[in-house]
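Each residue of the sequence shown is one higher than the one before, starting from -15 at the first, in this note's numbering.
Comments concern the structure below.
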Amino acid sequence: MPRAFFARDATVVGPELVGMVLSRPDEGLFARVVEVEAYRQDDPACHAYRRRTERNAPLWGPSGHAYVYRSYGVHWCVNVATGSDGVAQGCLMRAAQPLAGHELMRTRRGGVADVELLRGPAKLCEAFGITGALSGRDLCGDAPIVLLDDGTRPDVAAGPRVGVSQAADWPWRFFVDGSRWVSVYRRSPRAPR
């Protein structure tokens, strides 16, 4: 994808990422993105909400770069930076439908059912072999992971993000409506009712 695609607001890029192909060509891995979440600097659920740190620096740009972090200190999760340089925002890759490379994905995920291979951000990273080493890499350039547009445009729905306790009702989760590959929505128990 050209950098100009990512150089827009996360809430605009997010729904347009749904339907794109996430690829790790060197390993023959291809999957259709079915779910993403948008995060922005003015969003209390965003890792860059309070300030810039060494860890969240990729979210501040340039757009099209990967931001990879550990969720709860255990599981890797991958985002792509969006928007203008100096303004932190990005889109979290939440789930995808496997297209090719199923055997390697199954091996990395411990032989789970295909529907569970990429259903959740940590599962997606595990199956694709994504670690913190990818953070800061240019997805429009030298990174081993790329996003491809094959022209697929699914019906995209929007709803609240999964598991966030702040801004829990913001409809910044974008997903293929009715897809069995989309992760299960769970509201954070810490989110206000």
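Beta carbons are placed, not taken as given, at the ideal position from N, Cα and C, and that holds for glycine.
In this text the structure is predicted, and so the values were computed from the model without any measurement.
DSSP three-state call for residue i: helix, strand or coil?
i: C109; result: helix
i: L101; result: coil
i: V96; result: coil
i: V(-4); result: helix
i: R174; result: coil
i: G143; result: strand
i: A(-12); result: helix
Strictly by DSSP, which residues pair up with residue i?
i: N63; result: Y51 and L76
i: F14; result: S7 and A84
i: Y169; result: In the DSSP output, where bridge partners are listed per residue, Y169 has none listed.
i: D122; result: H49
Throw me the rounded Cβ distance for the residue i and residue j pair, which I believe falls under 8 Å.
i: E(-10); j: G48; result: Residue -10 is actually Phe in this sequence, not Glu. Yes, F(-10) and G48 are in contact; Cβ-Cβ is about 4 Å, under 8 Å.
i: R16; j: T136; result: 7 Å
Do residue i and residue j have their C-beta atoms within less than 8 Å of each other?
i: D(-7); j: Q73; result: yes
i: R78; j: E21; result: yes
i: A106; j: W60; result: yes
i: V2; j: V160; result: yes
i: R103; j: W165; result: yes
Quick check on this structure: which residue in the options has the alpha carbon closest to the alpha carbon of residue i?
i: A127; options: A84, Y51, R103 and F159; result: Y51
i: R170; options: V146, S163, V160 and A151; result: V146
i: P144; options: E19, A65 and D26; result: E19
i: E11; options: R35, S55, S163 and G113; result: G113
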